[in-house]
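Counting from 191, one number per residue, gives the positions in the sequence shown under the working numbering.
Glycine is no exception: its CB is placed at the ideal position from the N, C-alpha and C atoms.
If you're wondering where the values come from, they're calculated on a predicted model, not measured in any experiment.
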Amino acid sequence: MKKYLSIILSLACSAGALAQETVYPTPGFSGTVLIKNATVHVGTGTVLSNASVLISNDKIEKVGTDVSAPANATVVDATGKHVYPGLILSNSNLGLKEIGAQVRGSNDFNEIGELNPNIQSIVAYNTDSKIINTLRSNGILLAN
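Here it is, written out as structure tokens:
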């Protein structure tokens, strides 16, 4: 009886996995948007206060303090907000773990497990990671 009860309980608990939404990439944006009154951080390190960013058909067309909205543009007031040229990945294992790695990265058994506060990632960072270029092309500007 315990065997059947445990099987029914495991099936009931795992049924929630079937209810998960399938994730698809979003289609590209095909309109014109003006983000105005924002603090814009340009990729060169320049910071523009009270600036605007004009985005047309999924591409940044103009950035500056003298950008005006075209007639068909959706205007977003970003007063007090910051606009960056890329995304910041604040918590990652970039350069520390590769996709589909079949070989252990270390023979030190003290490093086994998900939580290892004793490991120094600056020593273990892999600059030849295949994931870095993939993230960069997807808009990740900075990873910690």
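Inter-residue Cα distance where the pair is L224 and P217:
If you draw a straight line from the Cα of L224 to the Cα of P217, it is about 19 angstroms long.
Tell me the residue span of the beta strand (DSSP E) that contains I337.
With the chain covering 191 to 334 only, the question about residue 337 has no answer from this structure.
Would you kindly check if the distance between the Cβ of T264 and the Cβ of A241 is under 8 angstroms?
For A241 and T264, no; Cβs fall outside 8 angstroms.
In whole angstroms, give me the CA-to-CA distance for M258 and L201.
The residue asked about is misnamed: residue 258 is Ser in this sequence, not Met. If you take the alpha carbons of S258 and L201, they lie about 58 angstroms apart.
T317 to N283, Cα distance in whole Å?
About 12 angstroms.
V313 - DSSP class collapsed to helix/strand/coil:
Here V313 carries a helix assignment [DSSP, helix/strand/coil].
Residue closest to Y315, alpha-carbon to alpha-carbon, out of L325, N334, S327, T324:
The shortest Cα separation from Y315 among L325, N334, S327, T324 belongs to N334.
How would you label V313, buried or exposed, when you count the other beta carbons within 10 angstroms and need 16 or more for buried?
It counts as exposed.
Going straight from the alpha carbon of N323 to that of G235, what length do you get?
Straight-line Cα distance between these residues: approximately 21 angstroms.
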